[in-house]
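S.K.: Take 1 as the starting number for the sequence shown in UniProt numbering and just add one per residue.
The structure that follows is given in the form of C-alpha cells.
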Amino acid sequence: IVSLLAGPAARAAGGPPFWSISVEQLVAFHAETQSRMEAYCRDHLIDKEFAHVCRRQPCPHDHGDARHHASSHNELREVQQDMHTLVDVVIRPATKEHEGILGFWSTLNLESPRRAEVFVSHCWNERFGDFVSTLGTLRPELSVWVCSFALPQNIDISRVLSNRPDRSPSAAALRSAERVLLAVDDRLEPLTR
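Pasting the structure below:
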C-alpha cells in the first residue's frame, strides 16, 4: 500500500468521518480488556527504547505487536495502562485483517458505519481507564472519533497523516464532527500532534 489516502481504504465506510465508535462500544471494549491489560502491565517493565521486558519467565502473556524481550540491561520503568500499551498489545493484533489498512472501528462497525459526532483529542500517556471514564460521561449512543480506534495502526502512520495536516484523515473527521472534546488527565500533558 503506497498510501492509505490513495485507494479504497481511504474511502472505507464513507471515509474518515465514519471511522467512529460509540461511547457504549468504548466502555464495553474497556471492560473486556481491563483485566488482561492490568495483568500484562503488572508482569512487564519498559526500557528506554520502549521495549517491554517480561518480569516472569516463561511469560504467560500474548505480547501482541509490542516489542519485547526477556531481560534488559537498560534502565527500566513500569509499563502503564495507556494508549501506547493498548495499541501494541490489543488494537494492532485485532486489526490485521484487511491487510491492516483499517482501524479498530472496522471490527465493530464495518457493516454499519457511524458518523463522528464528537472528535476526541487526547494524550496517549493518559491512563486508558481514566480516558474511558471521561468519555463515559457522554451519552452511550454518541459516536466518537478517537485516533487510536479510527486510524489504521498496522501501517506507517506518517503516510496516513501526510505532510499536509489539512488533508489527513483526522482533519476530515474534525471538519465533519459536530463537536470537539479535549480529554486531559491530571498532568495536563501537552498534545504533540
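C-beta: ideal position from N, C-alpha, C; glycine also.
(1) Could you give the C-beta distance for Gln153 and Ile101, rounded to a whole number, given that I count them as a contact under 8 Å?
(2) Taking DSSP as the reference, what is the three-state secondary structure of Ser22?
(3) Please look up how many angstroms separate the CB atoms of Pro113 and Ala28, rounded, as I've assumed it's under 8 Å.
(4) Could you tell me the distance, in whole angstroms, from the CA atom of Leu182 to the CA atom of Ser121?
(5) Count the other C-beta atoms from every protein chain shown that fall within 10 angstroms of the C-beta of Phe104, then say buried if there are 16 or more, exposed otherwise.
(6) Tell me, to the nearest whole angstrom, how far the beta carbon of Leu45 is from that of Val79; I am working on the premise that it is less than 8 Å.
(7) Would you kindly report the start and end of the unbroken alpha helix (DSSP H) that includes Leu45?
(8) By Cβ distance below 8 Å, which residues in the same chain neighbour residue 196 in space, the five residues on each side in sequence not counted?
(9) Note down the Cα distance separating Ser35 from Phe119, rounded to an integer number of angstroms.
(10) With respect to the beta strand (DSSP E) encompassing Val79, which residues constitute its N-terminal and C-terminal limits?
(11) So the alpha helix (DSSP H) Ser112 belongs to, where does it begin and stop?
M.R.: Let me spell this out:
(1) For the purposes of this step, residue 153 is taken as residue 153 along the sequence shown, with counting starting at 1. For the purposes of this step, residue 101 is taken as residue 101 along the sequence shown, with counting starting at 1. At roughly 10 Å, the Cβ-Cβ gap does not stay under 8 Å, so Gln153 and Ile101 are not in contact.
(2) For the purposes of this step, residue 22 is taken as the residue at position 22 of the sequence shown. Of the three classes helix, strand and coil, the one that applies to Ser22 here is strand, per DSSP.
(3) Here the question's residue 113 lines up with position 113 in the sequence shown. Here the question's residue 28 lines up with position 28 in the sequence shown. In fact, because the Cβ distance is near 18 Å, the residues do not count as touching under 8 Å.
(4) Translated into positions along the sequence shown, residue 182 becomes position 182. Translated into positions along the sequence shown, residue 121 becomes position 121. Straight-line spacing of the CA atoms in Leu182 and Ser121 works out to 5 Å.
(5) Taking the sequence shown and counting its residues from 1, one reaches residue 104 at position 104. With 16 or more other CB atoms across the displayed protein chains lying within 10 angstroms of its CB, Phe104 is buried.
(6) As a working mapping, residue 45 is identified with position 45 in the sequence shown. As a working mapping, residue 79 is identified with position 79 in the sequence shown. With a Cβ gap of about 6 Å, Leu45 and Val79 count as contacting.
(7) Walking along the sequence shown from the start, residue 45 turns up at place 45. Where Leu45 is concerned, there is no enclosing alpha helix (DSSP H), although the beta strand (DSSP E) it sits in stretches over His44 to Asp47.
(8) In the structure as shown, the chain begins at 1 and stops at 193. Residue 196 is therefore absent and cannot be evaluated.
(9) Position 35 of the sequence shown, counting from 1, holds the residue named residue 35. Position 119 of the sequence shown, counting from 1, holds the residue named residue 119. Cα to Cα, Ser35 sits roughly 28 Å from Phe119.
(10) What you label residue 79 is simply residue 79 of the sequence shown in a count that begins at 1. Run containing Val79: none; DSSP gives neither H nor E here.
(11) Reading the sequence shown from its first residue, position 112 is the one you call residue 112. Neither: Ser112 is in no alpha helix (DSSP H) and is coded neither H nor E.
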